[in-house]
Every structure is written in structure tokens, then in C-alpha cells.
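Q: Dropping a structure here in C-alpha cells format, bear with me for questions.
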Amino acid sequence: MTDALNSGYRFIDTSPNYDNEEHVGKGIHHALNDGTIKWEDLFVLTKIEREDMSVDGVEKSLDENLERLQLDYIDLLIIHAPATEDSVNIDTWKGLDAVRNSKKVKSIGVSNFSTDELRSLMDKATVRPVINQVRFSPGNVDWETKDCCDSQSILTMAYSPLKKGKLDSDVIQKLAEKYEKAPQQIALRWTIEVGTISIPRSGNPDHIKENIDIFDFSLTDEEVQDIKNLS
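Pasting the structure below:
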């Protein structure tokens, strides 16, 4: 995490299931204390897991998250994955809306929701999710869900943007050569060009730096479509 913050990353995605929130909290405060980051530049996301999916369970989980992270509030709290029962998703969403109103959370969203699950939730919800975090990489995209999110002004957040990403395809290899970038940089740039928030993950310091070095070039509309056609 220190390497990421030193390289310019300011978005932190964590979860109780990752079993690292205490470490993340210590890393945040260390970076704040040594001047690496400013508090107002940081954005922290955490999640509600299946065992806490209820109105009361949300606040309980959030308080535990805040304690582990040593934070007063969370920027974005999301449901990690939908339950099979719509009623559970709706009750959990009510819990998220309640903690949003309590100022312990700035924004709320979902993860891994399909088009049908999103529509079922929005039929009952009084506030829409700000994001839907989903698997999203070249060759591995649910365009129906992406289009649904776009139509409802819900941002798509792309996790695992390099997995099953067809980095060895001729299309991506040729673009990497053209732009003098690594194939994974082409894939990450593409996820941005199609309107997602991309959150790559790496524990390798060199890859961490490489993954953020994608803002000095753009793909053409034709190139974006060529990669989209890999799906």
C-alpha cells in the first residue's frame, strides 16, 4: 500500500473479507503523518458482506469497519454481492441509506449486481446506487449490465480489469507496440475510454507504477471498438 500511495494512488478498496482493514488503517495514518497524502485527497471504499446483509447488520458492520480502519467515516460503502432474495437486498439497501444519512458514509453502492438485480433494487429504493462494481476487462464484459448502469446514471467500477483480458490478442499487442506501452496498460486505458472507473490490483512495485502510467495517451474510437469486439 505504501508503494501505491507513493506512486500517486489515492483510492483504497477494501473489505472485511480481505482481512486487511487494520493494516490499511495503519498505512493510511502513516502516510498522512509523513505528508505523503492529504486527507482530502484520499477516497476509501469498503463493503457489506453476506452475513451482515440486514438493516441492523449494516450499521454493525460499518462501525466495526471504522474501528479497524481508524476512520470517522467511509467515502463509499457498497454491498459486496447480491443475496439470492430480493427482499434481503432491499433491506440491506435501506440499512445503507440509513448510515448515509447518519454521515458515517458519504455515498453508497453495490457490487456484482446483474441487470435484473439492479432493476429489482431500484424498483423499491428511494436513492440509486452511485456505482456498481463488477468484473470488467477486454473480452470479459457484461455489456447489458454496463448499459443498464449508464441508462440509470450509475457508474461502473471495473475490478480485475486485467484478468481474462486477452492481453496476448493481436489487437492489444499491436496497440502496445504503437503506443510503446505494455499490454496491460492498453487494457487499463481501454476500461477508462469506455467509461468505467478502473481499479487494478498488484503487489509488485513495478506493476503498481506501470498501472498508473496510462494518462499520457488515448485510444482512437476505432481502437476502442476493436478491443470491445474481443468480448
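Per the UniProt record's numbering, the sequence shown starts with residue 1, numbered consecutively.
Heads up, the beta-carbon is just placed ideally off N, CA and C, and yes, glycines get one too.
1) Checking the sheet assignment: what are the DSSP bridge partners for F43?
2) Would you list the one or two residues that DSSP bridges to N140?
3) Indicate the three-state DSSP secondary structure (helix, strand or coil) for Y159 in the structure shown.
4) Are the beta-carbon atoms belonging to V88 and M53 less than 9 Å from one another?
5) Take the Cβ of Q133 as the centre, count every other Cβ of all protein chains shown within 10 Å, and call the residue buried at 16 or more, exposed below.
6) G25 lies in the beta strand (DSSP E); which residues open and close that run?
7) Buried or exposed: Q225, going by 16 or more other Cβ atoms within 10 Å of its Cβ?
8) Whose C-alpha, out of S61, W143, R10 and L71, is nearest the C-alpha of F43?
9) Whole angstroms is fine: what's the gap from V141's alpha carbon to T115's?
10) Which partner residues does L77 have in the DSSP bridge list?
11) When every heavy atom of the ligand NAD is checked, does at least one fall within less than 8 Å of the C-beta of Y18?
12) What residues in its chain sit with their C-beta under 8 Å from that of R128, if we drop five residues either side in the sequence?
13) Between which two residues does the beta strand (DSSP E) carrying T196 extend?
14) Just verifying my parser: in three-state terms, what is the DSSP assignment at I208?
15) The alpha helix (DSSP H) with P183 in it runs from where to where?
16) Hey, out of D150, E85, P161 and K47, whose CA is closest to S107's CA?
17) Which residue wins for smallest C-alpha separation from R100, given the options E85, E21, L77 and K124?
18) On the CB-based measure, 16 or more other CB atoms within 10 Å of its CB, does K174 come out buried or exposed?
19) Consult DSSP for N89 and reduce its assignment to one of helix, strand or coil.
20) Roughly how many whole angstroms lie between the Cα atoms of I131 and E21?
21) At the level of alpha carbons, what is the spacing between H29 and E67?
22) Is it buried or exposed for F215, if we count other Cβ within 10 angstroms and need 16 for buried?
23) When burial is assigned at 16 or more other CB atoms within 10 Å of the CB, is G35 buried or exposed?
A: Checking against the coordinates, here is how it stands:
1) Answer by DSSP bridge pairing, in chain order: F11.
2) S137
3) strand
4) yes
5) buried
6) Segment E21 to N33 is the alpha helix (DSSP H) holding G25; no beta strand (DSSP E) there.
7) exposed
8) R10
9) Going from the Cα of V141 to the Cα of T115 covers about 13 Å.
10) T46 and I108
11) Because no ligand of any kind appears in the structure shown, any question about the ligand NAD cannot be addressed here.
12) M122, Q152, S153 and I154
13) T196 to I199
14) helix
15) P183 to E193
16) Here the closest residue by C-alpha is K47.
17) Taking the Cα of R100 as reference, the smallest distance to any Cα among E85, E21, L77 and K124 is reached at L77.
18) exposed
19) helix
20) 21 Å
21) 13 Å
22) Label assigned to F215: exposed.
23) exposed
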